[in-house]
Amino acid sequence: MNDWERNRQMAPRIREQYPPGTRLELLSMEDPWSPISPGTRGTVQLVDDQAQIHMSWDNGRSLALVPGEDSFRKLTEAEIAAEQDTGIEEEDTGPVMRM
């Protein structure tokens, strides 16, 4: 079996593991020309037919991850909640606009 066929067969499993919207953190990338820095986080956009995970990185880039070559991890629910925490307390009141 060639690489193309192996990746095509692996794609459905990768899609199931990393559906669109999944948050990932890069640990290392093997792309010498356009690497993303380790520790960069991003959101899965889609998994293509060759099992590449297309990302929207928080730094504005959009380079795909290649499972088996690049190293990454899924963020935990606690990490995602911490990202979404704006730091505004419920009792915090800002200016009120009145008409």
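Just add 31 to wherever you are in the sequence shown, counting from 1, and you've got this note's numbering.
Cβ atoms here follow ideal geometry from the backbone N, Cα and C, with glycine treated the same way.
C-alpha distance - residue i paired with residue j, whole-angstrom precision
| i | j | result |
| --- | --- | --- |
| Gly70 | Glu56 | 6 Å |
| Tyr49 | Ile84 | 8 Å |
| Leu96 | Pro66 | 10 Å |
| Asp62 | Ser102 | 11 Å |
| Glu81 | Ala109 | Position check: residue 81 holds Gln in this sequence, whereas Glu was assumed. So the two alpha carbons sit approximately 31 Å from each other. |
| Arg46 | Trp35 | 17 Å |
| Ile111 | Lys105 | 10 Å |
| Met60 | Ala113 | 25 Å |
| Asp116 | Glu100 | 32 Å |
When the options are compared against residue i, the one with the closest alpha-carbon
| i | options | result |
| --- | --- | --- |
| Arg92 | Asp79, Glu108, Arg72 | Arg72 |
| Asn90 | Thr74, Glu47, Asp79 | Thr74 |
| Ser87 | Trp64, Thr53, Thr107, Met41 | Thr53 |
Residue i at chain C interface by Cβ criterion, 8 Å
| i | result |
| --- | --- |
| Ile84 | Of the protein chains in the structure, only one exists, and it is not chain C. |
Residue range of the unbroken beta strand (DSSP E) whose run includes residue i
| i | result |
| --- | --- |
| Met86 | 84-88 |
| Gln76 | 72-78 |
Cβ neighbour criterion (16 or more within 10 Å) applied to residue i
| i | result |
| --- | --- |
| Met32 | exposed |
| Leu94 | buried |
Span of the alpha helix (DSSP H) around residue i
| i | result |
| --- | --- |
| Glu36 | 34-48 |
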